[in-house]
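Numbering (the numbering used here), first residue to last: -2 to 185.
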């Protein structure tokens, strides 16, 4: 399976949770050289092996998605962050701090105040609309699961239950991720 998403949409969080199911192995980005180390292709009794593709990978190498879609049994998980203002704020924070993730126990980091440029917002919204429209129109609905980052955060168990049903897998005990949301301040 492949997770299709945009930067700063919770994909590390989702991968961490999916990897806790005994029948799933989920890897990072195959087109990111710093994520290829430690890839697991399978383990005994693995029912599903997956990875994630970001919108920028598809924009840079559209043939890669065509190759994935050529696999007749491929399943797709589209992870969407509905609040693109939050996505853009998170992206800007990463560009300033160079901290892509926050693991429990790393300690609090003072995050910079972010000011969003109106044109940058318009560009982000257009990019998101184009990417998710392409997913809606180009993927087989019977093999595509849509998850929102907000649903995953608000009711993780229900969101994961929909994933287990989608894959035809048994439920698991409630899962706990070691990822923490980096930004807790509300948008102003």
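Using N, Cα and C, we set each Cβ at its ideal position, and we do this for glycine too.
Just the Cα atoms here: how many angstroms apart are residue 141 and residue 26?
Here residue 141 is taken as the residue at index 144 of the chain shown, counted from 1. Here residue 26 is taken as the residue at index 29 of the chain shown, counted from 1. The alpha-carbon atoms of residue 141 and residue 26 are separated by roughly 19 Å.
Using the beta-carbon count (16 or more within 10 Å), is residue 56 buried or exposed?
In the chain shown, counting from the first residue as 1, residue 56 sits at position 59. Taking a 10 Å sphere around the C-beta of residue 56, we find fewer than 16 other C-beta atoms and assign the residue as exposed.
Below 8 Å on the Cβ atoms is my contact criterion, and I expect residue 52 with residue 128 to pass it. Report the Cβ-Cβ distance as a whole number of Å.
In the chain shown, residue 52 corresponds to position 55, counting from 1. In the chain shown, residue 128 corresponds to position 131, counting from 1. Between residue 52 and residue 128 a beta carbon distance of about 4 Å is seen, short of the 8 Å cut, so the two are scored as contacting.
From the DSSP output, in three-state form, read off residue 94 for me.
Residue mapping note: residue 94 aligns to position 97 of the chain shown, counting from 1. Reduced to three states, the DSSP call for residue 94 is helix.
DSSP beta-bridge partners of residue 165
Start at 1 with the first residue of the chain shown, and residue 165 comes out as number 168. DSSP lists no partner for residue 165.
So, helix, strand or coil for residue 51, using DSSP?
The residue you call residue 51 lines up with position 54 of the chain shown. Per DSSP, reduced to three states, the secondary structure at residue 51 is strand.
Please confirm whether residue 111 has its beta-carbon closer than 8 Å to some beta-carbon of chain D.
Looking at the structure shown, chain D is missing, and only one protein chain is on hand.
For residue 2, which of 88, 20, 50, 115 has the nearest alpha-carbon?
Along the chain shown, read from residue 1 onward, the residue named residue 2 stands at position 5. Closest in alpha carbon position to residue 2, among 88, 20, 50, 115, is 50.
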